[in-house]
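Sequential numbering of the sequence shown, starting at 4, is according to the working numbering. Built from N, CA and C at the ideal position, the CB exists for glycine as well. A short write-up of the structure that comes next.
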Amino acid sequence: MAGRIAVIGSCMIDLVTYVTRMPEAGETLVAPSFEMGFGGKGANQAVACARLGSEVMMLAKVGDDDFGANTLRNFAAEGIDCRFVERVSGVSSGVAPIFVEPDGQNRILIVTGANDRLLPADIDRAAAALSGSALILLQLEVPLETVYHAIAWAKRHEIPVLLNPAPANPALALEHLREARFFVPNQSELSLLTGLPTDTAEAAAAAARTLLAAGLASVIVTLGGEGALWVSGDETRLIPPLAVTAVDTTGAGDAFIGGFAHHYVETGDIDAALIAASRYAAQSITARGTQRSFPSATAFAAFCAQIPASPPA
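Now the structure itself:
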């Protein structure tokens with residue numbers, strides 16, 4: 004099932020501050036360190052796929068500032084086809100101030116900037132290149148009309164779609180999502196979209212089943228340190244977590260999706276892709292940063308080789 008992965012989505016510059024704790028209202032604290040890196044859910048997922056060896060095409064908008072120029076250079080360095088990453092005059096690139104606490108948990112703000120200028124017409128202009136894709140990845144850091152248009156376009160061209168509904172948007176209309184092959188929220192996103200509790204795996208599975216009842220094909224729920232859930236048809240299955248020491252959880256969801264997309268396109272095996280995705284996300288949180296924490300195919304293979312084999316059933 005090998006083929007190219009197309010990512011239609013966002014680019015951001017991550018502005019990461021590592022804190023001892025978050026300040027109270029009106030309080031000023033000294034933070035230990037600051038780093039700047041490449042981010043945005045679309046760009047992160049594209050880089051994760053490319054690091055693992057996939058052929059990747061990116062469709063996005065960046066500003067006409069230094070951040071935009073650097074983003075294009077980063078895509079080129081990662082071997083990503085960025086012919087359809089356009090610079091928008093007079094608009095800033097997207098940025099994401101991120102605050103990381105000592106236990107690795109993070110809080111993120113996003114300023115979408117040029118990402119808001121990615122429109123349905125941009126998909127139509129890239130149609131010839133997109134038509135050769137084996138899988139299209141989408142997120143919600145670009146306009147909803149663009150997401151809906153991409154899903155409808157992919158249906159007409161019989162290309163499977165993975166939609167990551169992040170950041171969660173209560174305006175998301177489920178009737179536009181029924182043609183997506185994979186719907187991949189985390190627990191908080193699933194709760195916001197369904198209005199149901201998702202604090203346990205059982206509750207998350209029940210919430211996911213309401214989405215199946217609404218016509219979605221399958222749901223993969225990322226559960227952080229508790230693993231992930233696959234919910235489709237009559238099947239509900241837990242993909243167990245891999246125990247690691249978390250340094251920085253920023254980008255773990257994008258690492259999961261990139262790992263899943265790469266292995267699914269490479270093998271066509273959903274079960275194997277889910278296990279690989281869980282492991283890839285686990286390895287990513289053992290290092291600081293977002294894209295910089297995503298391991299190469301060689302580093303990931305070495306990581307997996309150290310995982311003890313499961314005992315025979």
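Expected contact under 8 Å - CB spacing of Ser221 and Phe186 to nearest Å
7 Å
Who are the near neighbours of His266 in its chain, counting only those whose CB is closer than 8 Å to its CB and skipping five residues on each side?
Leu55, Asp272, Ala275, Ala276, Ala279, Ala280
Evaluate contact between the segment 135-149 and the segment 76-96, counting only Cβ atoms and requiring at least three cross-stretch pairs below 8 Å.
no
Let me know if Val224 comes out buried or exposed under the rule of 16 or more other beta-carbons within 10 Å of its beta-carbon.
buried
Give the C-beta separation of Ile11 and Ala153 to the nearest angstrom, bearing in mind that I take them to be a contact with Cβ-Cβ under 8 Å.
5 Å
Tell me, which residues are paired with Arg110 by DSSP?
Phe102
For Gly42 versus Thr289, is the C-beta distance shorter than 8 Å?
no
Selected residue, minimal CA-CA separation from Pro168, among Leu214, Gly228, Pro200:
Leu214
Check for me: the beta strand (DSSP E) holding Phe87 runs from which residue to which?
84-91
Here's the rule I'm using: 16 or more other beta-carbon atoms within 10 Å means buried, otherwise exposed. How should Glu148 be labelled?
exposed
Kindly identify the DSSP beta-bridge partner or partners of Trp233.
Ile223, Arg240
What distance in whole Å lies between the Cβ atoms of Gln286 and Phe303, which are believed to be in contact at a cut-off of 8 Å?
6 Å
CB-CB under 6 Å to Phe70, same chain, minus the five flanking residues each way: which ones, in chain order?
Ile16, Ser96
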